[in-house]
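Adding 28 to a residue's 1-based position in the sequence shown gives its number in the working numbering.
We put the beta carbon where it would ideally sit given N, CA and C, even for glycine.
Note that the coordinates shown come from a computational prediction; the quantities given were computed from them, not determined experimentally.
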Amino acid sequence: MSFDPVRLELVKNGIGSVVDEMVLTVVRVAYSSIMKDTMDISSAFCDREGRMIQQGLSLPLHLGSFPDAMDAVRAEFGDRIAPGDVIILNDPYHGGMHLPDIFMFQPIFADDHLLGYGVVVAHHNSVGGRVPGSSAADSTEIFQEGLRIPVVKLYEGGVFNETLQKIIGLNVRIPDVVLGDLQAQVSACRIAERGMLELIGRYGVSELERYFEELLDYSEREARRAIRSIPNGTYRFTDFLDDDGINMDQPVNVCVSIRVEGDEVTVDFDGTSPQVRGAINSTLSFAKSAVYFSIRSIMDSDVPNNSGFMRPIHVVAPPGCLVNPQPPAACAARGVSGFRVIDAMFGALAQAVPEAVRAAGEGGTTSYSIGGYDSEGRFVLFREAVMGAWGAGCNREGIDGVANPAANISNAPVELVENQAPIRVERYELVPDSGGPGKWRGGLSVERQLRFLGKEATLQLRSDRRRHRPYGLAGGGPGAPSDNFLDDGGWGNLPTKFTMPLKNGQAFRHTTAGGGGYGNPLERDPNLVLADVRNGKVSPESAKKDYGVCAEPTPWRVNVQATASLRAGRSSPEPGPSTF
């Protein structure tokens, strides 16, 4: 059957507008900063068979989670879906990712015909558990992490499930915020229903469903074309997490083997560490998302993120390993493992298509929460994800102070942080000399220092990339390590992952890791080094040490003769060996 490409593009953009508006609706009406400002949300439309037709704005790392979540819904209810139903779940062992991420599904009917589902997943500030914020890395089983919601109906035939609402409200520390955020997700689902019904009115059900098939096939064709551009072979890489939040001296490895055969690729996690005691275990659906994102990143066409794209990509992980844990493994802090899967994927892909990938970035967003009481005795809970930097690539500088490309979320503005919680932000700045040296420099670290002004609280923080720094590529140096400090009458060092009490007047400082560099630093254009020195991104001392460039002030200039002499005496970059 032939398709009108113009009409196909109109349908694609129409569905895209619907799923994008779902996210924007949550941003407009949600209560929590994690949704309104950080935008830790994703949306999608899935057809009646549960196949994802298009993903909306926000987190690429949620790409692979929608199909598994839809499979759980369809397995639970089958044909027992009716107009007015709204279904939710969050249990990682029944279709979810980790407990703070609550999925919501709105079946969309045209008369009595099920067209598909509007789906939105959003990170909630609290779902209960032993630690405010429900994301502590030092939990050891899922029962400590909060309320597990199986596949259940929040609305059935339009009737609200008040019993479920009472159970949720009774098990979280900030029920008004959590229940308000849930209603924001409901509003997004109603937007999906309205938007898709408008498309039905424009194109009709049968034509829309024909175009669903074509969109899936189109994405599959483009995915296969991208895979064919990778030379056949098997590419392996191992990257590391510093620790699991419990065993602080024991690194956790992520091993990937990428086997490319024609237009299909198989990613095998054999050799990855067994599931760990701490809460950094990742569901297989989340690991799949990281794999899909990595392959998607080397594509040169703008195709929808949908289930068709996933058809030629196969993911295998041994049961009971870090990225395919078995219950009751804790997984609230699983985000950092997903980011490390991406770094390992890029490390392997760099062996096959070195000009298509970047060096490692900051290692993933740092997550922290402060839950406690302000000076007037009111309970407050603030949660944020701190963004860092991108690594450099071939003919591409690293990027400073932006979200990891797999996260696509943002740091909360200083004014908002100070307005929502008894916190003073004392530092928020880029860190000089933190980007990995290279012909193309890695992005700089971000430093954030906050002082607690309330009565007492619990501070939870998840970070990484201290002992295992972000790698460089093609001779580039690694990025600077991350770090954590506590001011308690003097600045003392903290682990990468911790939960601790916070008293009035105490401050903590977090520095993200810097991005890795790309290429030999001695080949960097001296004028680019000079610009970095003038902008405060590289010190004159590091310009000499790492790049062999003599930058002199008043006025700023490159001492050409001294630079030539410095570089002539060194044939390889001083920062040490890079990954490749």
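message: Across the region 430-442 and the region 65-78, are there enough close Cβ pairs to call them in contact, namely three or more that are closer than 8 Å?
response: Yes, they touch.
Extent of the continuous alpha helix (DSSP H) run through glutamine 193: Along the sequence shown, one-based indexing puts residue 193 at 165. Segment 190-198, the alpha helix (DSSP H) holding glutamine 193.
task: Select from Gly503, Arg222 and Phe73 the residue whose C-alpha is nearest the C-alpha of glycine 144.
output: By 1-based counting over the sequence shown, the position of residue 144 is 116. Closest by alpha carbon: Phe73.
- prompt: Can you give the Cα-Cα distance for proline 128 and asparagine 555, rounded to whole angstroms?
  reply: Within the sequence shown, residue 128 is the residue found at index 100, counting from 1. Within the sequence shown, residue 555 is the residue found at index 527, counting from 1. Looking at the two C-alpha atoms, the distance is approximately 47 Å.
message: Quick check: valine 179 and valine 101, are their CB atoms within less than 8 Å of each other?
response: As a first step, residue 179 must be located in the sequence shown, where it is residue number 151. As a first step, residue 101 must be located in the sequence shown, where it is residue number 73. Yes; because the gap between Cβ atoms is below 8 Å, this pair is in contact.
query: Looking at the unbroken beta strand (DSSP E) that takes in arginine 490, where does it start and where does it end?
result: Translated into the one-based positions of the sequence shown, residue 490 becomes position 462. Annotation: the continuous beta strand (DSSP E) that includes arginine 490 extends over 484-490.
Top-ranked residue by Cα proximity to glycine 146, from Gly112, Lys483 and Gly161: Sequence index remark: in the sequence shown, residue 146 carries index 118 (1-based). It is Gly112.
- request: Tell me whether the beta-carbon of isoleucine 69 lies closer than 8 Å to the beta-carbon of valine 148.
  value: Counted from its first residue, the sequence shown places residue 69 at position 41. Counted from its first residue, the sequence shown places residue 148 at position 120. Yes. Within cutoff.
- request: Check whether the Cβ atoms of glycine 399 and arginine 201 lie closer than 8 Å to each other.
  value: Locating residue 399 in the sequence shown gives position 371, counting from the first residue. Locating residue 201 in the sequence shown gives position 173, counting from the first residue. Yes, these two residues count as a Cβ contact at 8 Å.
- request: For cysteine 578, name the three-state secondary structure that DSSP assigns.
  value: In the sequence shown, the residue the question calls residue 578 occupies position 550. It is coil, neither helix nor strand.
Identity of the residues DSSP links to tyrosine 263 by a beta bridge: Translated into the one-based positions of the sequence shown, residue 263 becomes position 235. DSSP lists Ile286 as partners of tyrosine 263.
- prompt: So who's on the other strand from lysine 531, going by DSSP bridges?
  reply: Within the sequence shown, the letter at position 503 stands for residue 531. According to DSSP, lysine 531 bridges with Glu484.
task: Report buried or exposed for lysine 531, applying the criterion of at least 16 other Cβ atoms within 10 angstroms of its Cβ.
output: Walking along the sequence shown from the start, residue 531 turns up at place 503. Answer is exposed; the Cβ neighbour count stays below 16.
field: CA nearest to the CA of valine 233, picked from Leu244, Val39 and Phe171
entry: Here residue 233 refers to the residue found at position 205 of the sequence shown. Considering only alpha carbons, the answer is Val39.
query: Would alanine 376 pass as a contact of phenylalanine 265 if the rule is Cβ separation under 8 Å?
result: Within the sequence shown, numbered from 1, the residue matching residue 376 stands at position 348. Within the sequence shown, numbered from 1, the residue matching residue 265 stands at position 237. A contact, by the Cβ cut-off of 8 Å.
task: For aspartate 96, collect the residues of the same chain with a Cβ closer than 7 Å to its Cβ; drop the 5 residues on either side in sequence, then sort them by chain order.
output: Within the sequence shown, the letter at position 68 stands for residue 96. Excluding sequence neighbours, aspartate 96 sits near Gly123 and Ser313.
query: Between proline 603 and alanine 212, what straight-line distance do the alpha-carbon atoms span, to the nearest angstrom?
result: By one-based count along the sequence shown, residue 603 stands at place 575. By one-based count along the sequence shown, residue 212 stands at place 184. For proline 603, the pLDDT reaches just 46, beneath the cut-off of 50, and the residue's location in the model is therefore unreliable, although a value from the coordinates is still provided. Note on geometry: alpha-carbon atoms of proline 603 and alanine 212 lie some 49 Å from one another.
query: Based on Cα-Cα distance, which residue from Ile286, Pro340, Ala345 and Asn333 lies nearest to asparagine 309?
result: By 1-based counting over the sequence shown, the position of residue 309 is 281. Taking only the C-alpha atoms, the option nearest asparagine 309 is Ala345.
- prompt: Can we say the region 533-546 touches the region 447-464, given the rule of at least three CB pairs closer than 8 Å?
  reply: By the Cβ rule, the region 533-546 counts as touching the region 447-464, because three or more pairs are nearer than 8 Å.
- request: Measure the alpha-carbon distance for proline 529 versus alanine 388 and round it to whole angstroms.
  value: Counting from 1 along the sequence shown, the entry for residue 529 is found at position 501. Counting from 1 along the sequence shown, the entry for residue 388 is found at position 360. A straight line joining the alpha-carbon of proline 529 with that of alanine 388 spans about 33 Å.
task: In the DSSP assignment, find the alpha helix (DSSP H) that holds alanine 228 and state where it starts and stops.
output: The residue you call residue 228 lines up with position 200 of the sequence shown. A small correction: the amino acid at residue 228 is isoleucine; alanine does not occupy that position in the sequence shown. For isoleucine 228, the uninterrupted alpha helix (DSSP H) segment begins and ends at 203-231.
task: Just mark threonine 524 as buried or exposed, buried being the case when its beta carbon has 16 or more other beta carbons within 10 Å.
output: As a first step, residue 524 is located in the sequence shown; it is residue number 496 there, counting from the start. With 16 or more Cβ atoms within 10 Å of its Cβ, threonine 524 is classed as buried.
query: Can you name, in chain order, every residue of its own chain whose Cβ lies under 8 Å from the Cβ of glycine 78, other than the five neighbours on each side?
result: Position 50 of the sequence shown, counted from the first residue, corresponds to residue 78. These residues qualify, in order along the chain: Pro95, Met98, Asp99, Val101, Arg102 and Tyr145.
message: Helix, strand or coil for methionine 63? Go by DSSP, reduced to three states.
response: In the sequence shown, counting from the first residue as 1, residue 63 sits at position 35. Correct three-state label for methionine 63: helix.
message: Here's a check: name, in chain order, each residue in its chain whose Cβ is nearer than 7 Å to the Cβ of isoleucine 274, leaving out the five neighbours to either side.
response: Here residue 274 refers to the residue found at position 246 of the sequence shown. Within the same chain, isoleucine 274 has close Cβ partners Asp166, Thr168, Arg305 and Gly306.
- request: Tell me whether aspartate 298 is buried or exposed, calling it buried when 16 or more other Cβ atoms sit within 10 Å of its Cβ.
  value: If you number the sequence shown from 1, residue 298 lands on position 270. Under this definition aspartate 298 is an exposed residue.
- prompt: With distances taken from CA atoms, which of Phe321, Ala502, Asn260 and Glu226 is nearest glutamate 292?
  reply: Along the sequence shown, read from residue 1 onward, the residue named residue 292 stands at position 264. The candidate whose alpha carbon is nearest that of glutamate 292 is Asn260.
message: For proline 498 and valine 187, I'd like the C-alpha separation in whole angstroms.
response: As a working note, residue 498 is residue 470 in the sequence shown. As a working note, residue 187 is residue 159 in the sequence shown. In this model, proline 498 and valine 187 are separated by some 51 Å (Cα to Cα).
- request: Would you mind reading off the limits of the alpha helix (DSSP H) that contains aspartate 298?
  value: What you label residue 298 is simply residue 270 of the sequence shown in a count that begins at 1. Under the DSSP assignment, aspartate 298 falls outside any alpha helix (DSSP H); it carries neither an H nor an E label.
- prompt: Per DSSP, lysine 181 forms a beta bridge with which residues?
  reply: Position 153 of the sequence shown, counting from 1, holds the residue named residue 181. BP columns for lysine 181 point to Ile115.
- prompt: So who's on the other strand from phenylalanine 133, going by DSSP bridges?
  reply: On the sequence shown, position 105 is the one that residue 133 refers to. Bridge partners of phenylalanine 133: Ile115 and Val147.
message: When you compare the CB positions of alanine 559 and alanine 508, do they come within less than 8 Å of one another, or not?
response: Here residue 559 is taken as the residue at index 531 of the sequence shown, counted from 1. Here residue 508 is taken as the residue at index 480 of the sequence shown, counted from 1. The answer is no: Cβ separation not under 8 Å.
message: Determine whether the beta carbon atoms of histidine 152 and valine 214 lie at a separation below 8 Å.
response: Reading the sequence shown from its first residue, position 124 is the one you call residue 152. Reading the sequence shown from its first residue, position 186 is the one you call residue 214. Not in contact: histidine 152 and valine 214 (Cβ atoms no closer than 8 Å).
field: Residue burial classification, leucine 198 (beta-carbon count within 10 angstroms, cutoff 16)
entry: Your numbering for residue 198 matches position 170 in the sequence shown. Exposed.
message: Pop quiz: aspartate 271 and valine 280 are said to be a contact at Cβ under 8 Å. What is the actual Cβ separation, rounded to whole angstroms?
response: Numbered from 1 along the sequence shown, position 243 holds the residue referred to as residue 271. Numbered from 1 along the sequence shown, position 252 holds the residue referred to as residue 280. Rounded, the Cβ-Cβ distance is 7 Å, consistent with contact.
message: Mapping the DSSP letters down to three states, classify glycine 421 as helix, strand or coil.
response: Counting from one through the sequence shown, the residue named residue 421 turns up at place 393. Reduced to three states, the DSSP call for glycine 421 is strand.
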